[in-house]
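Structure, as structure tokens:
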Amino acid sequence: MEQEIKEKIQQLVADLNKYSYYYHVLDSPIIADKEYDALYYELVDLEKQTGYILPDSPTQRVGDATREGFSKVHHETQLASLDKAQTTDELADWVTKIKEKYPRTRFTLEYKFDGLRLALTYKNGILVQAATRGNGLIGEDVTAQVKTIRSVPLSIPFKEHIVVEGEGIMLLSELAAYNKTTDGPLKNARNAVAGAIRNLDPKVTASRKLDFFAYGIPVIENKTFATQQELRQFLIDNHFLVGDFFEIRDTVGEIKAVIDEIDKQREVIDILIDGVVIKVNEIATREKLGYTIRFPKWALAYKFEALEVTTYIRDVIWQVGRTGKMTPLAILDPVDIAGATISRATLNNWDDILRKKVKINSLVFIRRSNEVIPEILGLAQDFPDSIEIKKIEYCPSCKTRLINNGVNLFCPNKDNCPDQLKERIIHFCSRDAMNIEGIRDKTINLFYNELNIRTVDELYKLQASDLAGLENYKDKKINNLLNSIEKSKHIDFANFIYALGIANVGIKTAKDLARRFDTFDDLKSATATELAEIRDIGEIVANSIIDYFAYPRNIEIINNLFASGVEIIYPKKAEQGKFKDKIFVLTGTLPNLSRAEATKMIEDNGGTVSSSVSKNTSFVLAGESTGSKYEKAKLLNIPIIDEDEFLSMLK
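Quick note: the sequence shown, position 507, residue 507 per my numbering, numbers continuous.
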């Protein structure tokens, strides 16, 4: 083989692995997909011609053949499970016992991933084996499957023998995207990743677009660490995904505060987690604490209450939304999830029913999300008495024949459908909209039936005499309601936009629109091109906005609102903002500011806040215990500032 071709293959492998690292781990591609593909297929051709294939070649990520079975792997050291706590008292007891012996101990907090635990072995910097945890002593060889995970490095800078422990994960966004394209939707992210990695065909694994998050190093030669923080940094330096959440705390109160915050946020995190792992940060202290027969004494898993259970569907009713969209709602046998009794769950749309193959009297998986109505994930089991769910043809509110729009059914009777009219008023009065206190579902039904209220502008015509004749409306309640309506007349631009109930425009998009346009008239007359220039606004959202303002009845209602005294409070002009056109990313814990406070200060001064670092990021505002965002910013030479520098910029 000519040396020149061999060197070309080596260079292609090195380049492609670098591009894959930037794309899949740093989420910051430095080459176009088309260019990557051209280089990849050039490598494929050269490997076929020569038979020279490097062990870390990206062509080895997907095996060609289905395997006949998994061989057993004896782990070099036992992969211990963790002791668990579900109460503050249990957590406090554990921390107190350690602190009594070692008062200076600090504790790290990381997500407890709910996926499939894996151990990856590297020799001479090359991935040579991947295995499931199994029983901790013996696992299964899933090397071919794990090689398909693009965030798993096939080679690393560290050249000594090392075993890296972590979790195979399917991001919830990837699960949702996958389920839209398959006739057999996956029930949850945990089952999805386990089924993918333990599938004998690596191509099935590759189709799931999994990730691997590293958190431990049970075996390593000629290298030691002083702390978990140092160990984590080593993983980052060797191109592993570790996740953005990593905190260090000293006391039970501080630890519990972080856990409570994560418990509140876990429904918006793109990773399925079921708790928080607390570890002693100092390795020397860990060695002194040692192990029980089953667990390390220096680590504890604080488990959240389960958000996923099974129960039976007993009926399905159809709800009409403010845009006319029909949403099927399953009536369930009541079941407890995280302290709440759940008796209803959404099925999203008719297409969702067909894909998930659920029926009345079938057993289904449900998951609670964001403290709102739970979602049915999929079928667990059906029975001889299970009944197919029927597709409705007419609106249950106004009896108008429904129309199909993509995967959804809609009622086209937007001006006279009772449920649509009521839902628009409820949305208009909600907290993130006009924030009119005292107007909720029951109130709207009363106003609709007794006062003939049909549109939001009619709320501003209400008088005390109109309300006095209603059941349970006394002087105090009447005055409170009228005062709340009067107070709502002075409304921030973003809240007013959101209150209009434009299809596909949530509160974030409303804020983006309020920052982009100086006046309401500017927004009303915006073109599709102008709207599409705004970050995160695509063709569908732009068309929804244009269609809304093109409908004469909407303009009539808006004009009536202004005539009634509604006045928009416009934000500080972006031209005057110190952060105009600047994009910030926040990472770590700031000393004095909460993330919400820092975000508001940035937005009030014309800037925007992004959740991920890219080449377009202007600044990374970093506090303590930063994660991969900090490292990515350093790699991309993005300016990194602390809280003091941030506040100085505002002066």
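From the three backbone atoms N, C-alpha and C, an ideal C-beta is built for every residue, glycine too.
Anticipated Cβ contact below 8 Å, residue i with residue j, distance rounded
i, j, result
"residue 277", "residue 97", "Not really, about 18 Å apart at Cβ, beyond 8 Å."
"residue 188", "residue 308", "6 Å"
"residue 569", "residue 491", "7 Å"
"residue 8", "residue 46", "7 Å"
"residue 321", "residue 423", "6 Å"
"residue 312", "residue 333", "5 Å"
"residue 618", "residue 582", "4 Å"
Terminal residues of the beta strand (DSSP E) in which residue i lies
i, result
"residue 415", "Counting along the chain, residue 415 falls outside any beta strand (DSSP E), and DSSP gives it neither H nor E."
"residue 204", "Segment 202–207 is the alpha helix (DSSP H) holding residue 204; no beta strand (DSSP E) there."
"residue 301", "299–303"
"residue 312", "308–320"
"residue 275", "273–280"
"residue 219", "211–220"
"residue 344", "340–346"
"residue 567", "567–569"
"residue 123", "116–123"
"residue 132", "126–132"
"residue 491", "490–492"
"residue 336", "326–337"
Under the three-state DSSP convention, the category residue i falls into
i, result
"residue 22", "helix"
"residue 146", "helix"
"residue 552", "helix"
"residue 579", "coil"
"residue 195", "helix"
"residue 169", "strand"
"residue 636", "coil"
"residue 408", "strand"
"residue 253", "helix"
"residue 503", "coil"
"residue 433", "coil"
"residue 83", "strand"
"residue 73", "strand"
"residue 535", "coil"
"residue 49", "helix"
"residue 574", "At residue 574 the pLDDT is 44, less than 50, meaning the model places this residue with poor confidence; the figure from the coordinates comes in the next sentence. Residue 574 falls in the helix class under three-state DSSP."
"residue 375", "strand"
"residue 65", "Reliability fails at residue 65, whose pLDDT of 42 lies under 50, so the model's placement of it is uncertain and no value is given."
"residue 473", "coil"
"residue 439", "coil"
"residue 380", "strand"
Selected residue, minimal CA-CA separation from residue i, among the options
i, options, result
"residue 164", "220, 137, 260, 144", "220"
"residue 142", "6, 150, 153, 119", "119"
"residue 410", "116, 319, 614, 517", "319"
"residue 451", "623, 432, 471", "471"
"residue 133", "148, 147, 124, 116", "116"
"residue 5", "102, 42, 375", "42"
"residue 36", "47, 52, 393, 19", "19"
"residue 404", "393, 237, 16, 397", "393"
"residue 580", "563, 586, 602", "602"
"residue 430", "408, 460, 498, 73", "498"
"residue 202", "311, 148, 231, 170", "148"
"residue 521", "558, 384, 191", "558"
"residue 344", "49, 337, 374", "374"
"residue 240", "480, 155, 86", "155"
"residue 413", "326, 468, 390, 456", "326"
Residue span of the alpha helix (DSSP H) that contains residue i, given as start and end
i, result
"residue 98", "88–101"
"residue 528", "528–532"
"residue 112", "Counting along the chain, residue 112 falls outside any alpha helix (DSSP H), though it belongs to the beta strand (DSSP E) covering 107–113."
"residue 468", "464–468"
"residue 599", "595–604"
Neighbour-count burial assignment, residue i, 16 or more Cβ in a 10 Å radius
i, result
"residue 401", "exposed"
"residue 553", "exposed"
"residue 584", "buried"
"residue 131", "buried"
"residue 591", "exposed"
"residue 14", "exposed"
"residue 173", "exposed"
"residue 12", "buried"
"residue 58", "buried"
"residue 487", "exposed"
"residue 157", "exposed"
"residue 89", "exposed"
"residue 66", "Here the model assigns residue 66 a pLDDT of 41, short of 50, so the residue's position is not dependable, and the following value carries that caveat. So residue 66 ends up on the exposed side."
"residue 567", "exposed"
"residue 370", "In this prediction, residue 370 has a pLDDT of 49, which is less than 50 and means its spatial position is unreliable; nothing more can be read from the coordinates."
Distance cut-off 8 Å: residue i Cβ against heavy atoms of the ligand MN
i, result
"residue 135", "Within the structure as shown, the ligand MN is missing, as the structure has no ligands at all."
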